[in-house]
Structure formats: structure tokens, C-alpha cells
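Just so you know, we're using my numbering here: the sequence shown kicks off at 48 and counts up by one.
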Amino acid sequence: MESRSVPNAPRDSSALERITDRPVITALFLGVASLLFFLAGIRTPTYTILDEGVYVPEARAFFHRTLFDATTQMHNLARPPFGKMLLAICMKAAGDNPFGWRVGAAICGSLTLVAVYFWALLLLHDRHIAIFAAVLTFFNNFLFVMSRVGMMDAFLVVFLLWSLVAYTGAIVLDVSAGSRRVLLGCSGVLIGLGGACKWNAIDTLAVLVLVSFALLWIARRSPADSVPSLSRYAKNMQQIGVPTLLLSLVIAPIISYSLTFWPFCRILHRPFNLTELIAIHRYMWYLSTHWATNRFLTSAWYKWPLTANPERPLSYLLGNPVVTWGGIAALVFCLRRFWKDVALPEGMVLLLYSANYFQWAVTPEKGLLYYYYYPAVMILGVAIAVTLRSLPRSIFGVRVSVLVLIAAATIFVWCYPRMTHLDPPWDCALGCWN
């Protein structure tokens, strides 16, 4: 994919410019730099925090190949087992210690940042805006905190974002029909693996199915009634075909999701068949809808976008207002622009955010926690990038993107001491929450 050319660019461009001209090198730099940053001090605290107290013991049970405690009661199955198996692999490789609990999340966090960069690049075809989206996502606080805890959300989101990369590549890249079908199949497999970590992945899958059939519908309309801004993507989806679409976004996710239960059944010494899977899922559904949560930790879903108080039990998690509040404003702008001129970037960010956020209005789960907002928040950095693409680049000679990043970085630095559990007085070196 070609990035936007820079007219009259000097031949002796800077090293930074040469890096940004090469997406693979840029992605490698973002991934390595963010991983090193996430790993710094990741052993602190030395005890489990919030839902680590649930998932680490479950992963330890996989590690010891036993899913039963002393009273022969099965460990909590309120979530699918794949994320806990990945956590167990990390503990096997790095040790049953705070580093082993969290290193997998750090790796997933860095890969998530790389996925955001590639997804924004595919959507917007502008390497500078894509880098802006990735850096803004890095500063959104959610990515940092969730990449340093041994919970399932880092595993869920990395599969979701790479699924979006594969899906978007399938409909926007100038490649052969066979390559499009492969990319779409990879998207379905990845989203199935995401669902095998947490069921929330089904919301993103629903968006991809909706967008796919909308594009097919547009492709079959007469030229006079077609949507010009989407016609190229519609032709690409038509080239993929309905059979491949159904195979990729229905069959492939079900297969990849179901296969993750095979090692689980082996550990339980139970058969791996449809009857057993149905029984396991009935039990999982019961636990998900009846699991008691500490009411002092729960929060209403409709308060999450404008939350101003940190989730203290989870490393003082608080979304960076530049991203969370600015992202909501960006979504309103995207809605207005989409209403006037239907465009893929605006439509994708609107649908993905809405699906991953408003699902909590209907979910039967009893207790909702602020960190459940994580998948939706990951869309907001890209939404701001989509919006800035359509606004003036500079104000009084200063680039708007630079101002936004400076504001986001300032708040991130202010939150950093508490998010990393620094000891006094460093925890309040830049100020404290009351």
C-alpha cells in the first residue's frame, strides 16, 4: 500500500522521516519501544490486583494440569479458557511470579499498538496520521494499565485489533481475489480466538458482518443508486464473494473458538464433542449471569465515557480525558460527516465504538467494572485521527496533532506515578488524586 507522497521533499530527509516512510520499520519501532516501556517496573506490585486474583489462580490450575480444588469444585468458568491458557504459558515460561503473570499482557499491549498503527494506515492511507493515532493510543492510559496486569482483556483486544487489520486489508488493498479471501479468513480466525478469551468479541464480529453485507448490497445496486465513496470497497467485497464471506466470518470464528476448548477438555479428561461443549457453555453462561461482584467496585456503563475518578484497585486506571472526552467529540464529528458523505473510516469507527460500548446496556452480567470499557476506548484514538484528517492541519502555525499529543502526554505523565505503583513520595511527585 502506498502512503501519501510529500511534494518537494528533500532527498536528504531526516532519519525520522526515513523511518516513517517505511511502515514495517515504524511498526517495529512502535512495538519494541512500547514493550520496553510496559515491562519497566512490571513486577510491582508483587501481589495480585483486582481480577488478577481470579485469573492467575485459574492459569496456575492449567499450569499444574488440574482444574479442581480440594473440594472438587471446578474453578470459575465465567470466561472461556483460551486467555487463561495463554496466561499459563507465560507463567510456565517466565515463572509463577508477578513478571510471569503480566509479561503476556505487555507483549499483547505492544502488538495492539502496532495493530492500531496498521489499521489507521489502511483506513486513512496517511502514514503521519497513522503514527499520530498510534501515539495517541499509547497515551490513553488504558493501554498502559491493561498491558501490565494478568487479566484477559489484553489477549482479547490484541486479537480484535489484528482482526480489524486483516479485514480492512481485505477490502482496501489492491491485491488479488485470492489474497482478499485469505485476509478475510484470517480476520475470522483471529476474532474467534478473541472470543475464546472473552465473549465480547462477538460485538466486533457483528460489525464486520454488517459492513460486509452492506458493501455487497451497494455492489449490487445500479450505478445511479450506488454510493461513490464506497464503490471500490463494495467491488472488492463482491470479488471475495458470499460463500467466502460466510466461511470467513461465520464458520472460521466458530471453528477457531471451539478448538481452543480441546486442551481444556483433555485436562478435564472429558470428551471433546458437541454435547460436552454445550454442557460447558451452559455452565459458563450460568456463572456469567450469576457471578457476584463487589458492589463497591462496580460502575454504571453510561458513566464510563466521562468518568473522572480513577479505578484505584486497578493501578488507578483512568482514561486520558484528551482521548476519552476528545474521542467522543470526534465521534460526533464522524457521525455528522458520515451523514453527509458516507465514508468507510467514519462508518467503521462509529460502528465499532457503538458495538463495543452499548453492548453493556443489554449484557446480562451482574456487575460491570470500568475496565470493561477498554475495547471501546481503543477505537477513540483512531476516531480522533479520522477527524483531524478533515480539519485544518495547523492553528497559528502550530500543527493541531502536535498540540493534541502534547496535551495527552502531559496528562499521561501526571498519571504515571500512580499507574506504576511508585513508592512514596514518588507516587505523588506530580500531584495526587484526593
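C-beta atoms are modelled at their ideal positions from N, C-alpha and C, and glycine is treated no differently. Small disclaimer: the values here were computed from a predicted structure and weren't measured.
Its chain contains A167, I176, F179, A180 as the residues whose beta carbon lies nearer than 6 Å to that of A432, once the 5 sequence neighbours on both sides are disregarded; these appear in chain order. DSSP places Y164 inside the alpha helix (DSSP H), whose first and last residues are 145-171.
In the three-state reduction of the DSSP assignment, L364 falls in the strand class, which pools E and B. Inter-segment contact for the segment 205-214 and the segment 95-106 is absent: fewer than three beta-carbon pairs are separated by less than 8 Å.
Taking one beta carbon from each stretch, the segment 427-445 and the segment 343-350 have fewer than 3 pairs nearer than 8 Å; the two do not touch. The straight-line gap separating the alpha-carbon atoms of T184 and R317 is approximately 43 Å. Contact check for R384 against A390 passes: the beta carbons are separated by less than 9 Å. Per DSSP, G414 lies in no alpha helix (DSSP H) segment and is marked neither H nor E. With a cut-off of 8 Å on Cβ pairs, the segment 73-84 is in contact with the segment 148-164, counting three or more such pairs. A straight line joining the alpha-carbon of F129 with that of A243 spans about 5 Å. Residue environment for V196: buried (at least 16 other C-beta atoms within 10 angstroms of its C-beta). In this structure, the alpha-carbon of T291 lies about 24 Å from that of P392. Sixteen is the threshold: since fewer than 16 other Cβ atoms of the shown chains lie within 10 Å of the Cβ of D221, the residue is exposed. Minimum Cα-Cα distance from V289 among the listed residues S276, W407, F260 corresponds to F260.
A direct Cα-to-Cα measurement between V379 and T434 gives close to 10 Å.
D250: member of the alpha helix (DSSP H) spanning 248-266, first to last residue.
Within a 10 Å sphere around the beta-carbon of N320 sit fewer than 16 other beta-carbons, which makes this residue exposed. Three or more Cβ pairs drawn from the segment 231-240 and the segment 295-308 lie within less than 8 Å of each other, which places the two stretches in contact. By the neighbour-count criterion, in which a residue is buried when 16 or more other Cβ atoms sit within 10 angstroms of its Cβ, Y349 is exposed. DSSP places V445 in the strand class (E or B) of the three-state scheme. A residue is called buried once 16 or more other Cβ atoms fall within 10 Å of its Cβ, and A224, having fewer, is exposed.
For S335, the enclosing alpha helix (DSSP H) begins and ends at 321-337.
Between the segment 354-365 and the segment 462-472, the count of Cβ pairs shorter than 8 Å is three or higher; the stretches touch. In chain order, I431 place their CB closer than 6 Å to the CB of G373, counting only its own chain and leaving out the 5 sequence neighbours on each side. Cα atoms of Y421 and D200: separation of roughly 8 Å, rounded to the nearest angstrom.
Taking every protein chain shown into account, the CB of D470 has fewer than 16 other CB atoms within 10 angstroms, so this residue is exposed. Under the 8 Å Cβ criterion, the segment 393-406 does not count as touching the segment 325-335, having fewer than three qualifying pairs. Taken in chain order, the segment 181-236 contains no complete beta strand (DSSP E) segment of 3 residues or longer. Going by beta carbons, A281 and L306 fall outside the 9 Å limit.
Of all alpha-carbon atoms in A141, C312, S401, H111, the one lying nearest the alpha-carbon of A253 is that of S401. Cβ contact annotation for L133 (same chain, cutoff 7 Å, sequence separation greater than five): G151, F202, in chain order. In this structure, L97 lies away from E412, with their beta-carbon atoms at least 9 Å apart. For V396, the number of other beta carbons within 10 angstroms of its own is at least 16, and it is reported as buried. With a 10 Å radius around the Cβ and a threshold of 16 neighbouring Cβ atoms, G394 comes out buried. Around the beta-carbon of L77, 16 or more other beta-carbon atoms lie within 10 Å, marking it buried.
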